[in-house]
């Protein structure tokens, strides 16, 4: 089970990065971990995005970090509201950072760095609104098979 692979301190590092990023934005970030990716990684990430109801945020500003541990697959996926405004290289830059850490077996650090990078862009384009902001999606890591 993927949950067994992530040590409690690694999970805390990832959750802290999500919470830190979301303190400055109305954007929502989720992490999904599973062992295997059946088919194309972006197709599977899109399925998980829908399963986690990430497309239901008010401003369509959800970001999913998808990892298939045993298959060494990673994807970061943003909703329509984000994709419409971030720079073209945005997702590639995050992917490069995460994968560079993964290659050193620093999985939690790679995810935390990528989450913080996403948070910086979300802060610019979807600033935190103290008056009406609600946490639309859970911050915990979701696990598949």
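Residue numbers (this note's numbering): 489 to 633. Note that the Cβ used here is the ideal one computed from N, Cα and C, for glycine as well.
If you run the structure through DSSP and keep just helix, strand and coil, what is residue i?
i: residue 521; result: strand
i: residue 575; result: coil
i: residue 545; result: coil
i: residue 566; result: strand
i: residue 614; result: coil
i: residue 596; result: helix
i: residue 527; result: coil
i: residue 555; result: strand
i: residue 609; result: helix
i: residue 511; result: coil
i: residue 602; result: helix
Check whether the Cβ atoms of residue i and residue j lie closer than 8 Å to each other.
i: residue 516; j: residue 550; result: yes
i: residue 582; j: residue 606; result: yes
i: residue 603; j: residue 505; result: yes
i: residue 547; j: residue 533; result: no
i: residue 521; j: residue 631; result: yes
Ordered along the chain, which non-local residues of its own chain (more than five positions away) have a Cβ less than 8 Å from that of residue i?
i: residue 531; result: none
i: residue 499; result: 596, 629
Using a Cβ-Cβ cut-off of 6 Å (strictly less than) and excluding sequence neighbours within five positions of residue i, which residues of its own chain qualify?
i: residue 501; result: 596, 600
In whole angstroms, what separates the C-alpha of residue i from that of residue j?
i: residue 593; j: residue 587; result: 9 Å
i: residue 541; j: residue 565; result: 13 Å
i: residue 510; j: residue 525; result: 28 Å
i: residue 559; j: residue 612; result: 34 Å
i: residue 527; j: residue 561; result: 11 Å
i: residue 543; j: residue 570; result: 11 Å
Roughly how far, in whole angstroms, is the beta-carbon of residue i from the beta-carbon of residue j, given that I think they are within contact range, below 8 Å?
i: residue 615; j: residue 545; result: About 15 Å; that fails the 8 Å criterion.
i: residue 529; j: residue 556; result: 7 Å
So, for residue i: in the same chain, excluding its five sequence neighbours on each side, which residues have a beta-carbon less than 7 Å away from its beta-carbon?
i: residue 563; result: 529, 530, 533, 554
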